[in-house]
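In full-length UniProt numbering, the protein residues as written are 1 to 263.
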């Protein structure tokens with residue numbers, strides 16, 4: 001018997017025109033099989049959340065750049081029970097997006113965390129020299145272990161190897177479009193939720209794109225080490241830290257250690 005999987009379908013546009021907003025008319029969108037999550041693999045990672053379907057909803061939204069809901073069918077009213085545990089049998093899910101969220105859709109580069117994915121840009125970034133000073137001033141110590149700064153590296157969240165300007169390939173069902181723009185700017189602009197747009201990052205060496213992390217953890221970032229911001233659109237603080245239930249308004253960046261590599 002094959003190992004059980006959670007298969008997730010996401011609506012993607014059939015036609016995309018460079019430089020124009022996505023056509024959100026229903027006939028332009030088709031369901032595409034975008035994700036397969038081995039259930040045994042997910043459960044082996046440990047306690048990502050006491051409400052695993054909430055974590056799954058957030059993970060998919062982070063990957064596609066839009067906030068949606070999970071259901072068992074293509075009927076958006078058939079919302080899954082987010083309080084349930086992962087099943088023992090295979091399951092198909094549909095990630096439904098409202099029109100406003102379809103306009104935001106911007107899937108992350110699959111090699112976003114791959115240090116071997118080099119940028120085609122040869123430009124020297126202007127803030128690199130002062131970045132470590134800024135990050136040390138803000139973080140003081142390793143954000144995960146508390147080790148002193150001398151034992152730490154300045155770690156880019158979106159890899160420095162991406163550079164400021166990269167070739168982005170976006171496959172929308174049947175349309176392949178090549179954009180030559182700043183990846184980090186596009187990535188954060190489409191995901192921006194701030195009315196002041198202060199969450200948009202325009203420089204790969206921005207302090208917003210870096211943290212202070214111990215040297216031993218640096219090599220594991222994106223593999224066995226990750227960070228989960230809570231609350232987010234799918235999860236409350238108590239979904240990760242049950243003992244903190246009722247902490248309304250509290251924002252945390254929760255470190256996560258996986259029992260096996262994600263890559």
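Note that beta-carbon positions come from the ideal geometry of N, C-alpha and C, so glycine has one too. Since the model is a prediction, treat every value here as computed from it, not as a measurement.
Since residue 55 sits in a beta bridge, which residues does DSSP pair it with? Here the question's residue 55 lines up with position 55 in the chain shown. Answer is none; residue 55 lacks a bridge partner.
The segment 69–76 / the segment 190–198 touching (three or more Cβ pairs under 8 Å): no
Any idea which residues DSSP pairs residue 153 with across the strands? If you number the chain shown from 1, residue 153 lands on position 153. According to DSSP, residue 153 bridges with 213.
Look at residue 14 and residue 30 and say whether their C-beta atoms are less than 7 Å apart. Taking the chain shown and counting its residues from 1, one reaches residue 14 at position 14. Taking the chain shown and counting its residues from 1, one reaches residue 30 at position 30. Yes, Cβ-Cβ distance for residue 14 and residue 30 is below 7 Å.
Given 8 Å, three or more beta-carbon pairs between the segment 222–237 and the segment 92–100: no
Ignore the nearest five residues each way along the sequence and tell me which others in residue 28's own chain have a CB closer than 7 Å to its CB. Translated into the one-based positions of the chain shown, residue 28 becomes position 28. Taken in chain order, the residues that qualify are 13, 14, 15.
So, are the CB atoms of residue 4 and residue 60 less than 7 Å apart? In the chain shown, residue 4 corresponds to position 4, counting from 1. In the chain shown, residue 60 corresponds to position 60, counting from 1. Cβ distance not < 7 Å, so residue 4 and residue 60 don't count as in contact.
What does DSSP give as the partner residue(s) for residue 36 in the beta ladder? Sequence index remark: in the chain shown, residue 36 carries index 36 (1-based). 7.
Using 10 angstroms around the beta-carbon of residue 144, count the other beta-carbons present and answer buried if the total reaches 16, otherwise exposed. To locate residue 144, count along the chain shown from 1; it is residue 144. Looking at its Cβ environment, which holds 16 or more other Cβ atoms inside 10 Å, residue 144 is buried.
What's the C-alpha gap between residue 165 and residue 109? Taking the first residue of the chain shown as position 1, residue 165 is located at position 165. Taking the first residue of the chain shown as position 1, residue 109 is located at position 109. For residue 165, the predicted model reports a pLDDT of 48, less than 50, meaning its position is unreliable; a value from the coordinates is still stated below. Spanning the two alpha carbons is a distance of roughly 13 Å.
Which of helix, strand or coil DSSP assigns to residue 69: Counting from 1 along the chain shown, the entry for residue 69 is found at position 69. Strand.
With distances taken from CA atoms, which of 157, 191, 256 is nearest residue 210? For this step, residue 210 is matched to residue 210 along the chain shown. For the residues 157, 191, 256, the minimum Cα distance to residue 210 belongs to 157.
Which of helix, strand or coil DSSP assigns to residue 200: Within the chain shown, numbered from 1, the residue matching residue 200 stands at position 200. Residue state, collapsed to three classes: coil.
Taking C-beta to C-beta, are residue 142 and residue 212 nearer than 7 Å? Counting from one through the chain shown, the residue named residue 142 turns up at place 142. Counting from one through the chain shown, the residue named residue 212 turns up at place 212. It is a contact, given that the beta carbons lie within the stated cut-off.
Going by CA-CA distance only, name the one from 18, 51, 204, 77 that's closest to residue 234. Sequence index remark: in the chain shown, residue 234 carries index 234 (1-based). Cα-wise, what sits closest to residue 234 is 51.
Identify, in the order they occur along the chain, each residue of the same chain with its Cβ nearer than 6 Å to the Cβ of residue 185, setting aside the five sequence neighbours on each side. Residue 185 sits at position 185 when you count from the first residue of the chain shown. Only 202 meet the Cβ criterion.
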